Each structure stands twice: as structure tokens, then as C-alpha cells.
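Undergrad: Have a look at this one.
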Amino acid sequence: MKGIIGTHASNFHCDDVTGCVFLKFTDNYKQHRVIRTLNQEELNKCDLVFDVGGVYDPSINRFDHHQRGFSETYSSQHTITLSACGLLFKHFGEEIVKNVIALIDPFGSITEEQICWLKLKIYNTFVLPIDAGDNGIDPSPTELLFRDSTNLSSRVAKLNAKGYGMMRLEQFLKAQELVKKEFIECVSSIYFRILPSFEPTRVAFSKRFEYDSEGRIMVLNEKCSWRDCLTELEDEEASKNGIKKEVLYVISHDDTRDQWGCIATSLSPGSFKMRKPFPQPWRGLRDNALEDVCKIKGAIFTHNSGFLACNATQEGMIKMAQLAAVFDDQKIITK
-2 MKGIIGTHAS
8 NFHCDDVTGC
18 VFLKFTDNYK
28 QHRVIRTLNQ
38 EELNKCDLVF
48 DVGGVYDPSI
58 NRFDHHQRGF
68 SETYSSQHTI
78 TLSACGLLFK
88 HFGEEIVKNV
98 IALIDPFGSI
108 TEEQICWLKL
118 KIYNTFVLPI
128 DAGDNGIDPS
138 PTELLFRDST
148 NLSSRVAKLN
158 AKGYGMMRLE
168 QFLKAQELVK
178 KEFIECVSSI
188 YFRILPSFEP
198 TRVAFSKRFE
208 YDSEGRIMVL
218 NEKCSWRDCL
228 TELEDEEASK
238 NGIKKEVLYV
248 ISHDDTRDQW
258 GCIATSLSPG
268 SFKMRKPFPQ
278 PWRGLRDNAL
288 EDVCKIKGAI
298 FTHNSGFLAC
308 NATQEGMIKM
318 AQLAAVFDDQ
328 KIITK
């Protein structure tokens, strides 16, 4: 006889839908039947209950977050309170991650240390936004410029629009398929793209003082997803040394064009604002016009927004980054 998992009835949300998906990636609960009810007697008979019931007690498999006094977070470094799926991921995350990786890379091998790293990365990337949304926390402390109606939580919510009864059950299952697909894609991206990028980014990060005394310029020897690793490395260094020396520019080779490019880093992950864009007088210029202004041979292009510059050689690109790091746009503006 199949075991039973209980969650709440009525409208479904991204946290309870995602919780169902997570439990499908656990050995103990993947075959369990899910019931949606508000009847406490029925919930008492369930092997595991989440997002309903008013109890958080992992020892009896109860994972609700609505009760007075609940303040559980993923870790002491996190400030956003967990939703139901966050609770499940906190307690079953290692197993969930292992089973998803076994699905996407059956012949791969992975260490326990990597599993722990992946679990945290997946929480911060995929689960935390759901926790925040379910707890009514906006991504910005100030007035939002727009409302994103295309994120995962919004797309799940829209599936409530069709009918009741069996139609609602069909929509609930449809929502699970939507979340499952997106969750696997998220894990795949982190596992296949970001995890292999961490070591080359770490090497480049450790050598950055060779190019600038303040460590503001990082030069990559190979293409990798450095953006997803840099903040972690900066924070790690700051926790050891007590000082955060931010990277302003990241240089790498553009194999397609056989030239060197340099990206101005963002203020924070996902932000379009830059720590220090390339100098205003360079922006929008190309080739000879750019060379005339920056006085560096091989200059090819600077993007109009100041986020990207290019040079024919690595040496020239490093010189452009070094000059940009000390350039004061305010002097140009106030003249």
C-alpha cells in the first residue's frame, strides 16, 4: 500500500507544488500518493505533511511554516524565512540533489563536498525566490519599477484559473510538471556550467594582483561562467581577511573574433548596474577613434553603456582595464 503525503486544498502555490516535486526526488517518498485537504483527521494519517497543519517538527515529518513564531531560515547567513518547499529542501536537499544528478549524468561522479556546494547554490538560485515570494518579500526594498509576471511563482499561480474538482487536480499536476522541468534545468545549468567554472575562476582570482595592486582586474585563461563564482570568491576572501577587494573588470579571449574582451562587473549578482563602467569618453567609439581617445594600441570597441571593451591583444586589453580602473569620470562631468 502506498504511503500518503498531505498538503493543503484550495488554490495551489509555487511552494506546495515545488514541495511535491522535491519529494519525488527522495527515495522514501517518491512513490507516495499526495492528498490535498484541510481536514486535520486526514492529515494526521499522513506519513508526511507540508504547508498545512500548523506544525514544524522534522522528527514526525511535519513541515508547515504558517504558525505563529515560525522563523526558520536556511542558515544563519540567510534572512528570508523558509516556505514549505524551503523546509523540505533544507532537510532533504542533499538526497534531492544526488538523485537529480543521477538522472542528468548517470555515469558522473561527485564528492560530498560538491553536493553541499550544489545544494547551497541551488537553494540560493531556485528555492530562495520561491520562499521570498511566498512570504510576501519583494526583491527590492524600494518601490519596484515593474512587476515580473513571468517568473515561476507567477506561472504556477496562473494555472489555478481553470476550474474546480478534477480540473483543478489536472492543473495541479500540470504545475508540478512545469516546476519539475524548470528545476531539472536549473540543476543541470549549475552542475554542467557553473561547477566546472569554479576552479578556473578561483585560479584567475588568486592571480589578479599580478595585473593591479588593488586586485581590480581578473584575467581568465579559459572561457567559463565566472559571474556565478566571483561573488562567492570575494565573500570568501573577505571573511578570511576582513577586507573585500572587489574585482572591477574581467578579461577573457573571444575565440569567435580572435580578440580580447573585458566585462565591467555588476554591483551585485543579476544587477545591470556596474561597479565601475568603462570611461565615458570611450563609450560608443570604435577602432581608430577609440585609439585616439584612450591612447592604447589595438583598441577595438567600447560599448555605449560602458559594460564592455575590446582590444586586439591581451596586453592592450589589460592596459585599457588598468586605465579604466583609475579613470575619474567625475572630472570630465564637472569640467
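Per the working numbering, residue -2 is the first one in the sequence shown, and the count goes up by one each step. For each residue, glycine too, the CB sits at the ideal point set by N, CA and C. If you're wondering where the values come from, they're calculated on a predicted model, not measured in any experiment.
(1) Beta-carbon within less than 7 Å of L156's beta-carbon, same chain only, minus the 5 sequence neighbours each way: which residues are those?
(2) Please state the DSSP three-state secondary structure of F47.
(3) From N58 to G239, what distance separates their C-alpha atoms?
(4) Does A296 come out as helix, strand or coil in the three-state DSSP assignment?
(5) Rounded to a whole number of angstroms, what is the C-alpha to C-alpha distance between V153 and M164?
(6) Quick check on DSSP: helix, strand or coil for H29?
(7) Whose C-alpha, out of D12, V18, A6 and D24, is nearest the C-alpha of G32?
(8) Indicate the three-state DSSP secondary structure (helix, strand or coil) for W257 in the structure shown.
(9) Provide the residue span of the alpha helix (DSSP H) that contains N96, from first to last.
(10) For A322 and I297, what's the separation of their Cα atoms in angstroms?
(11) Please return the same chain residues whose Cβ sits closer than 8 Å to the Cβ of S419, not counting the five positions on each side in sequence.
(12) Secondary structure at Y188, three-state DSSP: helix, strand or coil?
(13) For D12, which residues in the same chain have their Cβ closer than 7 Å to its Cβ, ignoring the five residues on either side in sequence?
(14) Is the CB-CB distance between V124 and F86 below 8 Å?
(15) Check the C-beta distance from C307 over to G258 and give it rounded, since I have them as a contact under 8 Å.
TA: In terms of the structure at hand:
(1) Result list for L156: Q168, K171 and A172, in chain order.
(2) Here F47 sits in strand by DSSP.
(3) Rounded to whole angstroms, N58 to G239 spans 41 Å at the Cα level.
(4) Reduced to three states, the DSSP call for A296 is strand.
(5) Straight-line spacing of the CA atoms in V153 and M164 works out to 15 Å.
(6) In this structure, H29 counts as coil in the three-state DSSP scheme.
(7) First, the residue type needs correcting, since residue 32 is Ile and not Gly in the sequence shown. Just measuring C-alpha positions, the residue of D12, V18, A6 and D24 sitting nearest I32 is A6.
(8) Residue state, collapsed to three classes: strand.
(9) It spans A81 to I101 - the alpha helix (DSSP H) in which N96 sits, taken as one unbroken run.
(10) Their Cα atoms are separated by approximately 18 Å.
(11) Coverage of the chain is limited to positions -2 through 332, which leaves residue 419 absent and any answer about it impossible.
(12) If DSSP states are grouped into helix, strand and coil, Y188 belongs with the helices.
(13) Counting only Cβ-Cβ distances below 7 Å, and skipping sequence neighbours, we find D48, S80, A81, C82, I127 and D131.
(14) Closer than 8 Å, so yes.
(15) Between C307 and G258 the beta-carbon gap is near 5 Å, inside 8 Å, which marks them as a contact.
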